[in-house]
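Student: Input: one structure, supplied below.
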Amino acid sequence: MEGILRNPHVIDWITIILFTSVLFMVLAKTTNYNRFLNYIILPFNNKYIFLYQKKDKLLNWFSVFFCVFQLLNFSLFIYFANKIFFNFPAQNHFGAYLIIFISLFLFLTIKIILQFGAGYIFNSNKTIAEIVFKKLSYLNYSGIVMLFANLILNYVLPGSQAIVFISILLAFLINTIGWVTTLRNHHNFLASNFIYFILYLCALEIAPIIIVGNYLIDRNL
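So this is what it looks like as structure tokens:
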């Protein structure tokens with residue numbers, strides 16, 4: 002009888018990232034199970050927003066765990082998208098992912114700090130905190146879409162451009178719901194600070210999209 006050589010399965014870094022992100026979601030669920038149940042239906046029901054926007058807002062473990070979950074999955078999704086659409090270097094893939102993760106983390110942190118800074122300047126900390134809470138809640142939720150997209154792109158349909166486009170569309174729709182909810186709930190405040198709201202949109206919402214879009218176009222050319 003001839004022996005058969007069996008290579009042990011090696012757990013790659015992408016699997017570790019995915020497992021770690023799921024672990025953070027489980028930690029969020031364990032921290033506050035009732036909050037998790039309300040959060041999981043967020044795009045279809047505003048109960049989560051109404052229950053928790055007046056409480057501890059961002060300074061709680063539930064939000065922190067889901068924020069890390071979102072960052073891990075968005076970074077991995079951007080890594081996959083870059084690998085699918087552009088010439089990606091063959092070496093140091095994890096290093097590229099790490100750069101993406103750090104960049105997203107810094108951008109999100111600076112953005113939140115600037116938002117709270119604007120609230121302090123215009124003496125509207127409470128309202129700004131509620132707006133940031135709503136937007137971040139929907140952004141974190143779209144990380145769930147990114148998780149499923151990453152699982153499919155890594156294990157089921159590697160290199161699928163359709164999955165990338167569908168995932169971007171779903172994430173965009175979820176965050177659009179968040180924006181509509183925010184605008185509807187705070188229309189009086191935004192109307193009274195309309196000029197500053199437009200400046201905020203241009204500086205922190207539209208400008209990053211234009212910069213990233215130009216970068217991707219240049220890479221493609």
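For the sequence shown, this note's numbering assigns the number 2 to the initial residue and increments by one for each residue that follows. Think of the CB as a built atom: it goes at the ideal place given N, C-alpha and C, for glycine as much as any other residue.
#1: List the endpoints of the continuous alpha helix (DSSP H) containing Tyr-80.
#2: For Pro-270, which three-state DSSP category applies?
#3: Could you tell me the alpha carbon to alpha carbon distance between Glu-131 and Tyr-156, rounded to whole angstroms?
#4: Quick one: grab the DSSP three-state call for Gly-179.
#5: Between the beta-carbon of Leu-154 and the beta-carbon of Phe-81, is there less than 8 Å?
#6: Less than 7 Å separating the Cβ of Ile-103 from some heavy atom of the ligand PLP?
#7: The alpha helix (DSSP H) that contains Thr-28, what's its start and end?
#8: Give the straight-line distance between the Cα atoms of Asn-8 and Gly-160, rounded to the nearest whole angstrom.
#9: Per DSSP, what kind of secondary structure is Gln-116 in: helix, strand or coil?
#10: Quick test of your reading: Leu-105 and Leu-72, contact by CB under 8 Å. State the CB separation rounded to the nearest angstrom.
#11: Would you say Ile-132 lies against chain D (beta-carbon separation less than 8 Å)?
#12: Quick check: the Cα distance between Phe-63 and Thr-32, rounded to an integer number of angstroms?
#13: Among Ser-168, Lys-135, Tyr-34, which residue has its Cα nearest to the Cα of Phe-181?
#14: Quick check on Gln-54: does DSSP put it in helix, strand or coil?
#15: How would you write the range of the alpha helix (DSSP H) that Gly-1 sits in, first residue to last?
#16: Quick check on DSSP: helix, strand or coil for Ser-168?
#17: Given Asn-74, which residues of its chain have a CB within under 7 Å of its CB, disregarding the five upstream and five downstream residues?
#18: Can you give me the C-alpha to C-alpha distance between Ile-129 and Leu-19, rounded to a whole angstrom?
Tutor: On the basis of the coordinates in this document:
#1: In the sequence shown, the residue the question calls residue 80 occupies position 79. Tyr-80 -> alpha helix (DSSP H) spans 62 to 86.
#2: This structure cannot settle anything about residue 270, because the visible part of the chain is limited to 2 through 222.
#3: As a working mapping, residue 131 is identified with position 130 in the sequence shown. As a working mapping, residue 156 is identified with position 155 in the sequence shown. Between Glu-131 and Tyr-156, the alpha-carbon positions lie close to 38 Å from each other.
#4: In the sequence shown, the residue the question calls residue 179 occupies position 178. In the structure shown, Gly-179 sits in a helix (DSSP, three-state: H, G or I).
#5: The residue given as residue 154 occupies position 153 in the sequence shown. The residue given as residue 81 occupies position 80 in the sequence shown. Yes, they are a contact pair.
#6: For the structure depicted, the ligand PLP is absent and the ligand set is empty, with no information on it obtainable.
#7: Taking the sequence shown and counting its residues from 1, the one referred to as residue 28 is at position 27. First, the residue type needs correcting, since residue 28 is Leu and not Thr in the sequence shown. Looking at the DSSP string, the run of the alpha helix (DSSP H) that includes Leu-28 is 14 to 32.
#8: Taking the sequence shown and counting its residues from 1, the one referred to as residue 8 is at position 7. Taking the sequence shown and counting its residues from 1, the one referred to as residue 160 is at position 159. Because Asn-8 carries a pLDDT of 43, less than 50, the predicted location of this residue cannot be relied on, and the following value inherits that uncertainty. Approximately 25 Å, taken between the alpha carbons.
#9: Counting from one through the sequence shown, the residue named residue 116 turns up at place 115. Gln-116 sits in a helix when the DSSP states are folded into three classes.
#10: As a working note, residue 105 is residue 104 in the sequence shown. As a working note, residue 72 is residue 71 in the sequence shown. Between Leu-72 and Leu-105 the Cβ distance is about 6 Å, and since that is below 8 Å, they are a contact.
#11: The structure shown has no chain D; it contains just one protein chain.
#12: Position 62 of the sequence shown holds residue 63. Position 31 of the sequence shown holds residue 32. Answer to the nearest angstrom: the Cα atoms are 6 Å apart.
#13: Indexing the sequence shown from 1 puts residue 181 at position 180. The sequence given here places Val at residue 181; Phe does not occur at that position. The shortest Cα separation from Val-181 among Ser-168, Lys-135, Tyr-34 belongs to Lys-135.
#14: Along the sequence shown, read from residue 1 onward, the residue named residue 54 stands at position 53. Gln-54 carries a coil assignment under DSSP once its states are collapsed to helix, strand and coil.
#15: Residue 1 cannot be examined here, being either before or after the span of the chain that is shown, 2 to 222.
#16: For the purposes of this step, residue 168 is taken as residue 167 along the sequence shown, with counting starting at 1. In the structure shown, Ser-168 falls within a helical segment according to DSSP collapsed to helix, strand and coil.
#17: To locate residue 74, count along the sequence shown from 1; it is residue 73. So the qualifying residues of the chain are Ser-22, Gly-144, Met-147, Leu-148, Asn-151.
#18: Against the sequence shown, residue 129 aligns to sequence position 128. Against the sequence shown, residue 19 aligns to sequence position 18. Approximately 32 Å between the Cα atoms of the pair.
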